[in-house]
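A.B. asks:
Residue numbers (this note's numbering), protein chains in the order written: chain W, 310 to 400; chain L, 4 to 151.
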């Protein structure tokens, strides 16, 4: 599922309708989860607000992190094939 | 006979295409986004054309105006390339350190957030709620910067 500071309305319009994604999107406008995962990007220069830095975590059903990618450059994100490879290791 | 210095024009236009095709086109696919191969190839062609155009403009019989114009066009092309590389490799890494993010083997912190239907959803729920009558094998959390 995707998590960002975007509002549910923005997510509906841009991620579900325009981009056509089918998975769950959660809104974290107050950066509660984003802060708990230490992913706050304060005063981000383009948006001028506090947002999430990109990161991906694969959890098994017990909620334990099995694979993660915390990028150092936001042009480099987890590729689908990397995630699918990691999913194979889930019990 | 006076002929247009097409190499300068073509090189100039191609350098614009090479720069702007990154945010508008090549940013979509990981293979052209992570390292801008496609754009660098376009820039290489653009600079070859600009070089030919410059050489032509600096022949002794050419006017000073065309020398100045072609130099500006070439300089602008270089600036364009520098801006693209700066955006990807410098601005792209303007991210805060994230030392306390959960590591592999650690429990992911719990949270409750609002989904796109304005409904509260917990991580625990996502980990247990069946999908097509099957318990989920796991959950992928994708933190992203936003739709923009």
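Yeah, the Cβ is synthetic: ideal placement off N, Cα and C, and Gly gets one too.
Could you give the distance in angstroms between the alpha-carbon of residue 400 of chain W and the alpha-carbon of residue 365 of chain W?
C.D. replies: 19 Å
A.B. asks: Is there a Cβ of chain L sitting closer than 8 Å to that of residue 340 of chain W, yes or no?
C.D. replies: no
A.B. asks: If we ignore side chains and look at the alpha-carbon of each, how far apart do residue 323 of chain W and residue 372 of chain W end up?
C.D. replies: 29 Å
A.B. asks: Applying a beta-carbon distance threshold of less than 9 Å, which residues of chain W neighbour residue 109 of chain L?
C.D. replies: 373 and 374
A.B. asks: For residue 4 of chain L, is the classification buried or exposed, using 16 other Cβ atoms within 10 angstroms of its Cβ as the cut-off for buried?
C.D. replies: Residue confidence for residue 4 of chain L is low, a pLDDT of 49 falling below 50, so the modelled location carries little weight and cannot support an answer.
A.B. asks: Just to confirm the assignment: which complete alpha helix (DSSP H) runs, minimum length 4, are found wholly within the region 315 to 394 of chain W?
C.D. replies: 317 to 320 and 341 to 345
A.B. asks: Residues of chain L with CB closer than 8 Å to the CB of residue 365 of chain W, please, in chain order.
C.D. replies: By Cβ distance, chain L contributes 143, 144, 145 and 146.
A.B. asks: Which word fits residue 96 of chain L, buried or exposed, when buried means at least 16 other C-beta atoms lie within 10 angstroms of its C-beta?
C.D. replies: exposed
A.B. asks: If you run the structure through DSSP and keep just helix, strand and coil, what is residue 100 of chain L?
C.D. replies: In the structure shown, residue 100 of chain L sits in coil (DSSP, three-state: anything other than H, G, I, E or B).
A.B. asks: Rounded to whole angstroms, what is the Cα-Cα separation between residue 348 of chain W and residue 49 of chain L?
C.D. replies: 40 Å
A.B. asks: Under 7 Å: does the beta carbon of residue 115 of chain L sit that close to some heavy atom of the ligand MG?
C.D. replies: Because no ligand of any kind appears in the structure shown, any question about the ligand MG cannot be addressed here.
A.B. asks: Between the alpha carbons of residue 388 of chain W and residue 9 of chain L, how many angstroms are there, rounded?
C.D. replies: 41 Å
A.B. asks: Give a yes or no on whether 8 Å exceeds the smallest Cβ distance from residue 52 of chain L to chain W.
C.D. replies: no
A.B. asks: Just the Cα atoms here: how many angstroms apart are residue 71 of chain L and residue 361 of chain W?
C.D. replies: 46 Å
A.B. asks: Is residue 132 of chain L close to chain W? Criterion is C-beta to C-beta, closer than 8 Å.
C.D. replies: no
A.B. asks: Below 8 Å between beta carbons: does that hold for residue 14 of chain L and residue 87 of chain L?
C.D. replies: no
A.B. asks: Alpha carbon to alpha carbon, how far is residue 196 of chain L from residue 394 of chain W?
C.D. replies: No answer is possible for residue 196 of chain L: it lies beyond the span of chain L, which begins at 4 and ends at 151.
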